[in-house]
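The block underneath contains the structure these notes are about, expressed in structure tokens.
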Amino acid sequence: MNGIIEFRAVAKHYGDTRVFDNLNLDIRQGVTTALVGQSGCGKSTLLELINGLQRPDAGTVNIFGQPVPALKLAEFRQRIGYAVQGTGLFPHMRVSKNISLLGELDGWSGEAITSRTRELMALMALDESLEHRYPHELSGGQQQRVGICRAMFLRPEILLLDEPFSGVDPLTRRDIHKRFLTLLEAEIATVVLVTHDMEEATRLGEELIVIDTGKIVCQGQADQIRPDSEYLARLFGRGESS
Numbered sequence: 049m050n051g052i053i054e055f056r057a058v059a060k061h062y063g064d065t066r067v068f069d070n071l072n073l074d075i076r077q078g079v080t081t082a083l084v085g086q087s088g089c090g091k092s093t094l095l096e097l098i099n100g101l102q103r104p105d106a107g108t109v110n111i112f113g114q115p116v117p118a119l120k121l122a123e124f125r126q127r128i129g130y131a132v133q134g135t136g137l138f139p140h141m142r143v144s145k146n147i148s149l150l151g152e153l154d155g156w157s158g159e160a161i162t163s164r165t166r167e168l169m170a171l172m173a174l175d176e177s178l179e180h181r182y183p184h185e186l187s188g189g190q191q192q193r194v195g196i197c198r199a200m201f202l203r204p205e206i207l208l209l210d211e212p213f214s215g216v217d218p219l220t221r222r223d224i225h226k227r228f229l230t231l232l233e234a235e236i237a238t239v240v241l242v243t244h245d246m247e248e249a250t251r252l253g254e255e256l257i258v259i260d261t262g263k264i265v266c267q268g269q270a271d272q273i274r275p276d277s278e279y280l281a282r283l284f285g286r287g288e289s290s
């Protein structure tokens with residue numbers, strides 16, 4: 049199976065720490081795929097390899113049918129949205145500026161920037177009155193939504209999410225999930241979601257990839273994966289805590 053994202057015999061080491069050895073993986077286009085696994089298993093490194101923030105020590109990472117380029121990375125990344133834990137918003141910029149920064153850097157007109165900003169805010173249920181606020185004037189849930197708006201501003205073909213919904217209470221998280229699914233209905237993208245929360249993974253992910261110490265334990269449709277091992281049982285919350 050070929051995908052929009054392909055790992056072929058990929059190895060990645062940090063000093064003596066081996067994150068991946070001979071990793072082979074395909075992620076399908078237009079699908080939300082959730083990466084789950086215990087802390088330190090390699091989930092975030094996998095995202096960084098997709099986005100070119102890290103380079104493999106061996107093997108090839110193919111995106112859009114081509115290896116991740118060594119040059120013109122900024123142009124390559126315009127096709128990839130990225131939202132991280134803690135939102136990563138610029139504290140000195142107002143909401144509208146945080147959302148639209150990539151559009152400004154890409155040379156969009158003022159009218160196009162305003163239209164796109166408000167379109168995304170509406171999809172994520174952010175009132176226009178929040179446009180002129182600074183991040184510290186928003187609730188945690190509102191900050192998370194602004195971060196998603198920024199990641200989606202250039203209409204990326206791939207959206208990478210690294211624990212973007214953590215740090216908020218369960219009710220707020222459920223509401224953000226609902227708004228996020230509404231956004232994906234309006235703007236289809238290939239989404240790769242890193243999460244430690246199996247409930248979140250099964251709610252948002254159409255496919256799951258379970259990783260343990262740099263190896264793929266299982267991959268498949270979210271509603272078909274069963275906790276049939278001790279490791280999966282712990283992730284599903286049905287085993288002893290580690």
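In the numbering used here, each residue carries its 1-based index in the sequence shown increased by 48. Built from N, CA and C at the ideal position, the CB exists for glycine as well. Owing to the predicted nature of the structure, the values given are computational and were not obtained by experimental measurement.
Cα-Cα separation, residue i to residue j
i: residue 283; j: residue 64; result: 27 Å
i: residue 106; j: residue 262; result: 14 Å
i: residue 191; j: residue 199; result: 13 Å
i: residue 117; j: residue 52; result: 15 Å
i: residue 171; j: residue 177; result: 15 Å
i: residue 136; j: residue 243; result: 17 Å
i: residue 195; j: residue 131; result: 6 Å
i: residue 189; j: residue 84; result: 22 Å
i: residue 291; j: residue 204; result: Residue 291 falls outside the range modelled here, since the chain spans only 49 to 290, and no answer is possible.
i: residue 281; j: residue 175; result: 41 Å
i: residue 250; j: residue 169; result: 25 Å
i: residue 78; j: residue 183; result: 31 Å
i: residue 123; j: residue 278; result: 43 Å
i: residue 206; j: residue 156; result: 20 Å
i: residue 164; j: residue 104; result: 35 Å
i: residue 86; j: residue 217; result: 21 Å
i: residue 239; j: residue 231; result: 12 Å
i: residue 248; j: residue 161; result: 32 Å
i: residue 212; j: residue 96; result: 15 Å
i: residue 68; j: residue 285; result: 26 Å
i: residue 276; j: residue 235; result: 35 Å
i: residue 181; j: residue 66; result: 44 Å
Counted within 10 angstroms of its Cβ, other Cβ atoms place residue i as buried (16 or more) or exposed
i: residue 144; result: buried
i: residue 253; result: buried
i: residue 272; result: exposed
i: residue 210; result: buried
i: residue 60; result: buried
i: residue 153; result: exposed
i: residue 229; result: exposed
i: residue 139; result: exposed
i: residue 119; result: exposed
i: residue 129; result: buried
i: residue 233; result: exposed
Pair within 8 Å by beta-carbon distance, residue i and residue j
i: residue 70; j: residue 82; result: no
i: residue 80; j: residue 219; result: no
i: residue 202; j: residue 150; result: yes
i: residue 224; j: residue 274; result: no
i: residue 237; j: residue 256; result: no
i: residue 108; j: residue 102; result: no
i: residue 147; j: residue 197; result: yes
i: residue 167; j: residue 142; result: no
i: residue 112; j: residue 127; result: yes
i: residue 100; j: residue 121; result: yes
i: residue 91; j: residue 259; result: yes
i: residue 114; j: residue 214; result: no
i: residue 227; j: residue 173; result: yes
i: residue 208; j: residue 75; result: no
For residue i, three-class secondary structure by DSSP
i: residue 52; result: coil
i: residue 140; result: coil
i: residue 115; result: strand
i: residue 126; result: coil
i: residue 70; result: strand
i: residue 260; result: strand
i: residue 287; result: Interpretation of residue 287 is limited by its pLDDT of 41, a score under 50 that renders its predicted location unreliable; no figure is taken from the coordinates.
i: residue 79; result: coil
i: residue 226; result: helix
i: residue 184; result: helix
i: residue 192; result: helix
i: residue 255; result: strand
i: residue 199; result: helix
Whole-Å CB distance - residue i paired with residue j, under 8 Å assumed
i: residue 159; j: residue 110; result: Not really, about 37 Å apart at Cβ, beyond 8 Å.
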